[in-house]
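Student: Structure incoming, see below.
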Amino acid sequence: MNRNRRYHRGGGGGGGGRGRGGRPPGLSGREIGMYYRDLQKSRKEEEHRTGGIRLNPGMDVPPGVLNQIFKCLERFEKQNQDERVCNEFQEYFHRLLNVSFEEFLNESKRNYGSVNVDQGDAHSLRLKAELERKGDSEEYKKKLKMRQKLPAMQQKDDILKAIQDNQIVLVVGSTGCGKTTQIPQMILDAYIQAEKGHACRVVCTQPRRISAISVAERVAYERNESLGSSVGYQIRLESRMPRDDGSILYCTTGILLQKMQTDPLMSGLTTVILDEIHERSVETDLLMGLLKIILPYRPDLKVILMSATVSEETFCEYFNNCHTIYIHGTLFPVDVLYLEDVLQETGYTNFQNDIMTATRKNGRQRNNREQQDTQYSSMINSYLPSIRDKYDKQVIDTLRRYSDTEGCGNLNFLEYLIFYICEHKPPGAILVFLPGYERISKLNDQLQRPTNPRHQRLVEGIQVYPLHSMMPTVNQRSVFEPPPAGTRKVILSTILAETSVTIDDVVYVINTGRTKVSDYDIEQNIQTLQEQWVSLANSKQRKGRAGRVQPGVCYNLFTRGRERLMDEIPSPEILRNKLESIILHLKLLHIKEPFDFLKTLINVPDIRAINHGLRLLKCIDALDEDCNLTPLGLHLARLPIDPQMGKMILMAALFRCLDPITSAAAGISFKSPFYTPLGLEHKVDNVKRDLSLNSKSDHLLIHNVIKGYRENRQQGSDMNFCYRNFLSKSTLSQIENMKQQFADILKNSSFLESSDCCAKNSNINSNNIPLLRAIIASGLYPNLAFLRKVKRVGRRVHAIHSMSTPVDRKVNFHPSSVNSGEASFDSNYFVYFQKQRTCQVYLLDATMVFPMALLIFGDGVKQGELSANEPYISVADTYYFKCEPETSSVILKLRQLLGVLLRKKALHPSPIEINSDDEQLIRAIHLLLSLDDIGSHLDQYPSDDEDDDDDFDMDHDGVTP
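Per our numbering, residue 2 is the first one in the sequence shown, and the count goes up by one each step.
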C-alpha cells in the first residue's frame, strides 16, 4: 500500500504531485483560472451529492499491522471479557452510578450508629486525667497564659454556650484574634472535662495546604504535645493523623469533600469547622451547600463557620439567620502608610520602568501596558490636587511621572524599602505580599545580591524566606521558626500568608496591593490567570498580619486614590472558574443534576458555564450521553487536577511516556518558561524553533527545554543556558515542581510504580514523537483546529496559514508559536490549549497531530458509508476519513477495550505491568499511532500565485487582513 496515499496529511492541503499546487502541468494564464473554477465547481457538486460531507484521504491500516493488532486484542480479551468486567464495574459502583444524593444520605443514615457518650467510659476518664496532669505542668501553664491573652479566649464561655445551644454558629473575628487555633481546643477540652472526650472528633478545614500544617503544629505546641496525639493534619499526599478519639484534625477543604464521597453524613465527626469562608473558595462554597442538605440528617452535628469581618451578613442569611458571635479586640495597633507617605519618609525618587514591565511576550501585552499607564494617569491626575499641599514637590512629581511607583512594578523600590526598614526601624520580621512566584523569585535574588553598595553591607543581617503554594511544604515550615541571632526575617509571600498562616514575629507588612486572580471568559470559554489589584477586604487582612507581638506598621504601595477604586470584596471563585472539575466531584457525591445543586449555592454560576463543563466532559469521555460517570470520568474525578490535564497525565502513565507529557502538562498548567525582551521577538522565536527540534509542537518544546536545562544543570552551566535561550530559571523550577506533583498524584492513585518522572519503566515510549503528540491530543481535545492551506510568500521560507476550528471560521498560529510561519506540515490537524482574540483569533500554543490520534481519543467516532464504494470513519460528525470497514472496526474495538481497561483499573488500581495481558491493548494502540512515523510526505501546498479559497485573501505584504 502506498504510505503517502494513506494519510495525505489527514485531508485537504491541495492536489497531488503533478504540478504546482496539484494542477495539471502546462497550464498558463486564463487556463489556470478555468482549472480552479472547474475544480471548485466539482467540489460543490460532490458536497451536494454527499449531503455536505467531504471525505478526507484514506485511513486504512496495512494488513501486516492489522494482524499484529488482532493478536494483541485476542490476548487482552482472553483475560478481560467485556461483559464480565462491565458487570463487575456496574456491581461495584452501583451506588455511585444509580443512587441519588438523597438516597445516599438515607442509606448512610441507616448505617449510622450513634456515638456512645457514656460519661463513665474508661477512655474518657483517662483523657480527663491526662488533661488535668498536663494542667499541672509549668510549661503548659506558661503557654495557656499566652493563649488567654487572645480575644477569642476572652469570650470562651459565650462561644461554648452558643455552640451548645445552636447547630450552626457563625464566628466573625479579625485576623489574629485566635479563632482558628483556640475554638477547636475549647470544644475538645469541654468534651474532655465533661467526661465525653472519647466521642469528640473535630475537623477544621483550611483553604491551603501550608495553613493546615502550620495551624496544626501551632495547636499541638500550645497543648504541649507532639503532632499525632490529640492534634493532626491531613493534606493531599501528606498527613500526620491524630488519635481516633478525642481529637482535632486540620485538613484542606478538598480533603473533607473527598471524605464525604464515602461518608456523606460525616458520621465519625461531632464538629465541623469551616474556616476562612470569606475567601469564597469553590470548595468552601460547595461544602456550605452540601451542609445545608446534610444537617437535617445529622441533628447532633455541630457546624461552626468562621469568617473575617467581610460580608458576614451573607453567610448568616444563607444559613437562615444563624446565630452569630463577634470576637472583638485586636492585639496591637497597626499604623498604615500609603505610597505617598512611603515616598515622603524614604525620599526615594529613582524610578524607572522595571525590566519585568519592559519585557513582554507580544504586542497584546505591550498594549495592555499602555492601557494600564493611561488608566494610572487618569487616576493619579484626579487624585494629586487633593494632596498637593501635604507632600513635598518631589513626591508629587514622582507619582505623576512614574506608573511603576505603585504595586510591585519596580522591584528596585521594594528592595530599597526592605533595607530601609532594616536600617532605620526597630527589630521585627518583614512580610512582603507579592502576586506570584516569578516576582518572589526575582526579589529574592535581588535581596541576596543587591546592586546598591549600601545594601550589600546589610545582606548578612537578613534571612529571606519565600512562601508560595507551589513550594514543598517541608521547605516552608522554617518560616515559622525564629531567624538566626542578629538577623531580621524577611518573608516574601503570595496571598498565602494573608489569612490562616500566622507568623508571630511579623511587625512590618509591605502590601504591594497586587495578587494573581483566576478568571473565566464564558464567551470564549477560556480560563485565565491575571495580576490584579486586591480588594479592600484583602488589604484589611494583610494589615492584620502586623502587630501580633508589638505595635506594627503596614506599608501600602498604592495611594489613597487607588484604594478608593478597589472593590469591597473579592468575587467568589465559583463565578471565576471553569466548572468541569466541580461537576465531576458532584458526580462522585451522587449528585446527578449539577445545576439543581449549584443553583442552591450563595452565588449561582452562569448556566452557560455549566453547559460548557458538561459538554467538555462528554467530549473527553468523562461523562456519557446521559451525564453519568464513565470509567475514565471516575478516575479523573479522583485526581485533584483539571480533568483535561488529568486525562493527559493518566494516559502518559498507561502508555509509559511520563516525563515528556508531564512537562507539557506543567507548561500548560503554569506558563511558558520563555521571556521576550522588547525588540528581540524574532530572536526569541528563532531560539524556540531551534529547541523544538521540528516537533511542530509548542508543548513538546517545553520538554526539550526541560531536558536541556537538566543537562546544563548537571554541568553547572544552567544559568548560561537560561540566559542564552531567554528562559526564566524560576519558571523552569516551578515546572519541575509541578511535574513532581503530577507524578505523586499518579503514584498515589496506583497508576505508577515510582513517583520519579524520569523512572525507566515510566518512560519506555518517551522518544516516540507520534505517540507523544497523540497523548497531548487526548488531553487537549476537543480544542482542535484544521489547517486548510499553507501559502508560501514568494521565495521566502515564511508561510501564511488558512485555518479554522469548529467555532471559528478563521484562526491562525500566534507569532510566538513554533508553528507560526512554518511552510510544511505532515498533518492538517492541531490541538491547542488556549486561543486569544484580538484583531483576529490566534492559537497561543499548538501541537500537530495525525487523524489516528483523533479517532482513538476523540468523541463521536462512527463508521458509515456514502455509497457502496465509499466507506468512512468520522470524528464528532465533523471530520470524515475514507476508511475500509475492517480498519474502522479495529479502531472502534480498540476504543471499546480501552474503556474495559479503565473499568478494570477503577476496580483494581495498579500500574500496567510490562508484557502483561493488559499491556497488549496499549501495544495495539501504540502500533496504530506509530504508523504516523512511517514513510515520507509529499509537499502539496500551493504557492502564493495559486489560491482556490475565496475566504483566504492577502494584502501586498502577505499578511492576513
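Here a beta-carbon is modelled for each residue, glycine too, at the ideal position from N, C-alpha and C.
At the level of alpha carbons, what is the spacing between R657 and G647?
Tutor: Approximately 15 Å between the Cα atoms of the pair.
Student: Specify the secondary structure class of I419 as computed by DSSP and reduced to three states.
Tutor: DSSP places I419 in helix when its eight states are reduced to three.
Student: Are the CB atoms of E223 and L344 nearer to each other than 9 Å?
Tutor: Cβ distance not < 9 Å, so E223 and L344 don't count as in contact.
Student: By DSSP, does Q345 sit in helix, in strand, or in coil?
Tutor: The answer is helix: DSSP assigns Q345 an H, G or I state.
Student: So E104 is in the alpha helix (DSSP H); what residue range does that whole segment cover?
Tutor: Looking at the DSSP string, the run of the alpha helix (DSSP H) that includes E104 is F102 to N112.
Student: Alpha carbon to alpha carbon, what distance is there between P334 and T406?
Tutor: So the alpha carbons of these two residues sit roughly 27 Å apart.
Student: Helix, strand or coil: how does DSSP classify Y466 here?
Tutor: Strand at Y466.
Student: Looking only at DSSP bridge pairs, what is L788 linked to?
Tutor: For L788, which the question treats as bridged, DSSP gives the partners M804.
Student: Just to confirm, are I853 and L929 a CB contact at a threshold of 9 Å?
Tutor: This sequence places Met at residue 853; Ile is not what is there. Yes, these two residues count as a Cβ contact at 9 Å.
Student: Using only the alpha-carbon positions, how far apart do I33 and N629 sit?
Tutor: Each residue's alpha carbon lies about 55 Å from the other.
Student: To the nearest angstrom, how far is the alpha carbon of Q373 from that of C555?
Tutor: For Q373 and C555, the distance between alpha carbons rounds to 25 Å.
Student: Taking the alpha-carbon of D827 as reference, which of I583, N695 and R810 has the nearest alpha-carbon?
Tutor: Considering only alpha carbons, the answer is N695.
Student: Assuming I256 contacts M307 under a Cβ cut-off of 8 Å, what Cβ separation, rounded to an integer in Å, is found between them?
Tutor: That belief does not hold up - the Cβ atoms of I256 and M307 are roughly 17 Å apart, past 8 Å.
Student: Could you give the DSSP three-state label for N705: helix, strand or coil?
Tutor: It is helical.
Student: Output the boundary residues of the beta strand (DSSP E) element that contains V273.
Tutor: Where V273 is concerned, the enclosing beta strand (DSSP E) stretches over T272 to L275.
Student: Would you call the stretch 664-673 and the stretch 695-707 in contact, with 3 or more CB pairs under 8 Å?
Tutor: Because the criterion of three Cβ pairs below 8 Å is met, the stretch 664-673 and the stretch 695-707 touch.
Student: In the DSSP assignment, find the beta strand (DSSP E) that holds L430 and state where it starts and stops.
Tutor: One detail in the question is off: residue 430 reads as Ala in this sequence, not Leu. A430 -> beta strand (DSSP E) spans A430 to F434.
Student: By the 10 Å Cβ neighbour count, where 16 or more other Cβ atoms means buried, how is K394 classified, buried or exposed?
Tutor: It is exposed - the Cβ of K394 has fewer than 16 other Cβ atoms within 10 Å.
Student: For the beta strand (DSSP E) containing F882, list its first residue and its last residue.
Tutor: From DSSP, the beta strand (DSSP E) with F882 extends over Y880 to K883.
Student: Compute the beta-carbon to beta-carbon distance between Q207 and T253, rounded to the nearest angstrom, for a pair I have assumed lies under 8 Å.
Tutor: Confirmed, Cβ separation roughly 6 Å.
Student: Whole angstroms is fine: what's the gap from G22's alpha carbon to V812's?
Tutor: Residue confidence is low: G22 scores 47 on pLDDT, short of 50, so the model does not pin down where it sits. No coordinate-derived value is stated.
Student: Which of the three DSSP states is assigned to D625 in this structure?
Tutor: Coil, per DSSP.
Student: DSSP state of R299, grouped into three classes?
Tutor: Three-state result, R299: coil.
Student: With respect to the alpha helix (DSSP H) encompassing Q194, which residues constitute its N-terminal and C-terminal limits?
Tutor: Per DSSP, Q194 belongs to the alpha helix (DSSP H) from K180 to Q194.
Student: From what residue to what residue does the beta strand (DSSP E) around S836 run?
Tutor: Sequence inspection shows Lys at residue 836; the Ser mentioned does not correspond to that position. Note, K836: beta strand (DSSP E), K836 to R838.
Student: If you reduce the DSSP assignment to three classes, tell me which class D607 lands in.
Tutor: Looking at D607 - three-state DSSP - the assignment turns out to be coil, as it is neither helix nor strand.
Student: Using 9 Å as the threshold, is the C-beta distance between A200 and T271 below it?
Tutor: Going by C-beta atoms, A200 is nearer than 9 Å to T271.
Student: First and last residue of the beta strand (DSSP E) that includes Y509?
Tutor: That run of the beta strand (DSSP E) goes V507 to N512.
Student: Classify I608: buried if its beta carbon has 16 or more other beta carbons within 10 angstroms, exposed otherwise.
Tutor: Result: exposed.
Student: How should F71 be labelled, buried or exposed, when 16 other C-beta atoms within 10 angstroms of its C-beta is the threshold for buried?
Tutor: So F71 ends up on the exposed side.
Student: Taking the straight line between their C-alpha atoms, what separation do you get for Q262 and R299?
Tutor: So the alpha carbons of these two residues sit roughly 16 Å apart.
Student: Within 10 angstroms of its Cβ, does P451 collect 16 or more other Cβ (buried), or is it exposed?
Tutor: Buried.
Student: Run through DSSP, which three-state label would M60 get?
Tutor: Here M60 sits in coil by DSSP.
Student: Are the stretch 275-290 and the stretch 592-607 in contact at 8 Å, needing three or more beta carbon pairs?
Tutor: Yes, the stretch 275-290 touches the stretch 592-607.
Student: Is L580 near G548, with beta carbons less than 9 Å apart?
Tutor: In this structure, G548 does not lie closer than 9 Å to L580 by Cβ.
Student: Considering only the beta carbon of each residue, do I419 and I511 sit closer than 9 Å?
Tutor: Closer than 9 Å, so yes.
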